[in-house]
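Letter by letter, the sequence shown follows residues 1 to 466 in UniProt numbering.
Reviewing the structure listed below.
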Amino acid sequence: AAYSGNLSSPPVVDTMHGKVLGKYVSLEGFVQPVAIFLGVPFAKPPLGTLRFAPPQPTEPWSFVKNVTSYPPMCSQDAVVGKMISDLFTNRKESIPLTFSEDCLYLNIYTPADLTKSTRLPVMVWIHGGSLVMGGASTYDGLALSAHGNVVVVAIQYRLGIWGFFSTGDEHSRGNWGHLDQVAALRWVQDNIVNFGGDPSSVTIFGESAGGESVSVLQVAIAAGCATTTSAVMVNCLHQKTEDELLETTLKLNCPFLPTAIDGVLLPKAPEEILTEKNFSIVPYIVGINKQEFGWLLPLGRGCFFDPFQNVPEDAIPAAIKEYLGGAEDPVKNKDLFVDLIGDVLLAVPSVIVARHHRDAGAPIYMYEFQYHPSFSSDLKPGMVMGDHGDELFSVFGAPFTKGVASGEESRISKMVMKFWGNFAWNGLFWIYCSFYLLTEVDIPTTENISLPAGAGSLMPPADLCL
Numbered sequence: 001a002a003y004s005g006n007l008s009s010p011p012v013v014d015t016m017h018g019k020v021l022g023k024y025v026s027l028e029g030f031v032q033p034v035a036i037f038l039g040v041p042f043a044k045p046p047l048g049t050l051r052f053a054p055p056q057p058t059e060p061w062s063f064v065k066n067v068t069s070y071p072p073m074c075s076q077d078a079v080v081g082k083m084i085s086d087l088f089t090n091r092k093e094s095i096p097l098t099f100s101e102d103c104l105y106l107n108i109y110t111p112a113d114l115t116k117s118t119r120l121p122v123m124v125w126i127h128g129g130s131l132v133m134g135g136a137s138t139y140d141g142l143a144l145s146a147h148g149n150v151v152v153v154a155i156q157y158r159l160g161i162w163g164f165f166s167t168g169d170e171h172s173r174g175n176w177g178h179l180d181q182v183a184a185l186r187w188v189q190d191n192i193v194n195f196g197g198d199p200s201s202v203t204i205f206g207e208s209a210g211g212e213s214v215s216v217l218q219v220a221i222a223a224g225c226a227t228t229t230s231a232v233m234v235n236c237l238h239q240k241t242e243d244e245l246l247e248t249t250l251k252l253n254c255p256f257l258p259t260a261i262d263g264v265l266l267p268k269a270p271e272e273i274l275t276e277k278n279f280s281i282v283p284y285i286v287g288i289n290k291q292e293f294g295w296l297l298p299l300g301r302g303c304f305f306d307p308f309q310n311v312p313e314d315a316i317p318a319a320i321k322e323y324l325g326g327a328e329d330p331v332k333n334k335d336l337f338v339d340l341i342g343d344v345l346l347a348v349p350s351v352i353v354a355r356h357h358r359d360a361g362a363p364i365y366m367y368e369f370q371y372h373p374s375f376s377s378d379l380k381p382g383m384v385m386g387d388h389g390d391e392l393f394s395v396f397g398a399p400f401t402k403g404v405a406s407g408e409e410s411r412i413s414k415m416v417m418k419f420w421g422n423f424a425w426n427g428l429f430w431i432y433c434s435f436y437l438l439t440e441v442d443i444p445t446t447e448n449i450s451l452p453a454g455a456g457s458l459m460p461p462a463d464l465c466l
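See the structure below:
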């Protein structure tokens, strides 16, 4: 049998590699508990010769593997990793954070009745963190799985040097972290049916993870490796311990490595792929927050990005004039500057990507999030509306998992989870309905909330039904 157990005993599910034992957790307001499986391996530990190599299928096991404790996060700066986890978690309790090269695990949250052959849509979460920090267990999929009636899978992938070191040739092609993501999606295809999921209905969702260039030579020199040839550098880095590579990461002022055009995962630059429409035509949501540069991103002190890197030099003065104009009020200037950088970094690229998908014939939806979550860091100024990552508290249902929230914030979170769940169920972000059935929803608030049903030519016009 693919499943054994009942609601009074822990769930045991078959995977292609062996049986796993999880646990049931109930969410207030739902009769069916959510079955949770934490730290399910989807690939071999990427150690030894598997460092700087594509992920390999995990080894089978003959016993029932207990998967009820959080897996280690992938190797990263522990101080920064903990800070980011604390900032974004939707959990009430504090979970133990450990870090390891052995980190290719995923967490599964399923509201399905495992005694029946249920086929629910699957939502695979890929965490952000500029490809150098973060982990799956920061995000509790309990509320989203229950409210959306979807199977939520949160995956991990190698980060930093371990995930993205590339020499640009056959010695270390790079993109190991992205290949881990692909391996996790393959595992979902092969196994999720026994967890009540539908492998033919998988939605990928994620947040942030931009990444910035650090040259190969910088990494090698910081690690104390000779830079004579690619083979010499890669062989030297293979000999380093996990702690030595972490020390190398900490020596770099800005340890953000880029996604490489490796000829395997990415045959061409993303811009070329988009222009040629050489990608899957599937429903697509792209969203931005009102003040992406409001608080968190500036803390990177220039590490995360060069905001004008891809802006033609002669266009920069025009952009500054367009946004800042002749305003002399310092407070207004600050807000306008935040808008400018947010647009250059995230909003304009998002619109460009959305237009490419639209032109290829894909159903495309776009939203802007404007809200200051009560769960935000106390260090964040109260006037920042829709900072980078603020929507995650609504997406993962923090009002239902982390602590007391206002009725307003709970309603917003329920609404957002419904939108995301609708998309996983039927590919529609907003539900299409007759104009005569349109319901006007009044959410009394002192905040500025924007949940548009359509905007210009980027999104198909739709009525919003709740």
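Virtual Cβ for every residue (Gly too), placed ideally from N, Cα, C.
- Classified as exposed, Ile-281 has fewer than 16 neighbouring CB atoms from the shown chains inside 10 Å of its CB.
- Counting the other Cβ atoms within 10 Å of the Cβ of Thr-275 gives fewer than 16, which makes it exposed.
- With 16 or more other Cβ atoms inside 10 Å of its own Cβ, Val-338 counts as buried.
- Secondary structure of Glu-28 (DSSP, three-state): coil.
- By alpha-carbon distance to Ile-126, the top candidate from Asp-113, Leu-114, Asn-107, Asn-278 is Asn-107.
- For Pro-349 and Trp-176, the gap between their C-alpha atoms comes out near 24 Å.
- Here Pro-96 is exposed. Its C-beta has fewer than 16 other C-beta atoms within 10 Å.
- Counting the other CB atoms within 10 Å of its CB gives Lys-402 a total of 16 or more, which places it among the buried residues.
- Shown here, Gly-148 sits in a helix according to DSSP, grouped into three states.
- Nearest to Lys-23 by C-alpha distance, out of Pro-10, Met-16, Tyr-371, is Pro-10.
- Ranking Glu-272, Val-67, Arg-173 by CA distance to the CA of Met-233 puts Arg-173 first.
- Closest option to Cys-74, judged by alpha-carbon separation, among Lys-414, Asp-169, Asn-194, Phe-164: Phe-164.
- Excluding residues up to 5 positions away in sequence, Thr-58, Leu-104, Tyr-105 lie with their Cβ nearer than 7 Å to the Cβ of Pro-41 in the same chain.
- DSSP places Ser-413 in the uninterrupted alpha helix (DSSP H) bounded by 407 to 426.
- Of all alpha-carbon atoms in Asn-66, Glu-28, Ile-192, Glu-101, the one lying nearest the alpha-carbon of Tyr-109 is that of Ile-192.
- Excluding five sequence positions before and after Val-150, the CB atoms of its chain that fall closer than 6 Å to its own CB belong to Leu-120, Pro-121, Met-123, Gly-421, Ala-424, given in chain order.
- Note that the region 375 to 388 does not touch the region 359 to 367; fewer than 3 beta-carbon pairs, one per stretch, sit closer than 8 Å.
- Annotation: the region 120 to 169 contains the following complete segments of the beta strand (DSSP E) (minimum length 3 residues), in chain order: 120 to 126, 151 to 155.
- For Leu-324, there is no enclosing beta strand (DSSP E); the enclosing alpha helix (DSSP H) covers residues 316 to 324.
- In terms of Cβ geometry, Pro-33 and Pro-111 form a close pair [threshold 9 Å].
- Within the same chain, and ignoring the five residues on either side of Gln-76 in sequence, the residues whose Cβ sits closer than 7 Å to its Cβ are Phe-99, Val-132, Met-133, Leu-159, Gly-160.
- Here Gly-361 carries a coil assignment [DSSP, helix/strand/coil].
- Shown here, Ser-9 sits in coil according to DSSP, grouped into three states, outside any helix or strand.
- About 14 Å separates the beta carbon of Glu-247 from that of Glu-101, a gap too long to meet the 8 Å contact definition.
- DSSP, reduced to helix, strand and coil, places Lys-23 within a strand of the structure shown.
- Taking Glu-292 as the centre and dropping the five residues before and after it, the same chain places the C-beta of Gly-342, Leu-346, His-388 closer than 6 Å to its C-beta, in chain order.
- When the Cα atoms are used, Lys-44 and Val-67 turn out to be separated by approximately 16 Å.
- Boundaries of the alpha helix (DSSP H) harbouring Ser-85: 78 to 88, taken from the DSSP string.
- Met-16 is classed as exposed because its beta carbon has fewer than 16 other beta carbons within 10 Å across all chains shown.
- In this structure, Asn-90 sits away from Gly-407, with a CB-CB distance that is not shorter than 9 Å.
- Classified as exposed, Asp-359 has fewer than 16 neighbouring CB atoms from the shown chains inside 10 Å of its CB.
- Following the DSSP letters along the chain, one finds Leu-392 in no beta strand (DSSP E) but inside the alpha helix (DSSP H) bounded by residues 392 to 395.
- Nearest C-alpha to His-238 among Lys-19, Arg-51, Phe-37: Arg-51.
- Looking from the CA of Lys-290, the closest CA among Lys-116, Trp-162, Tyr-367 belongs to Tyr-367.
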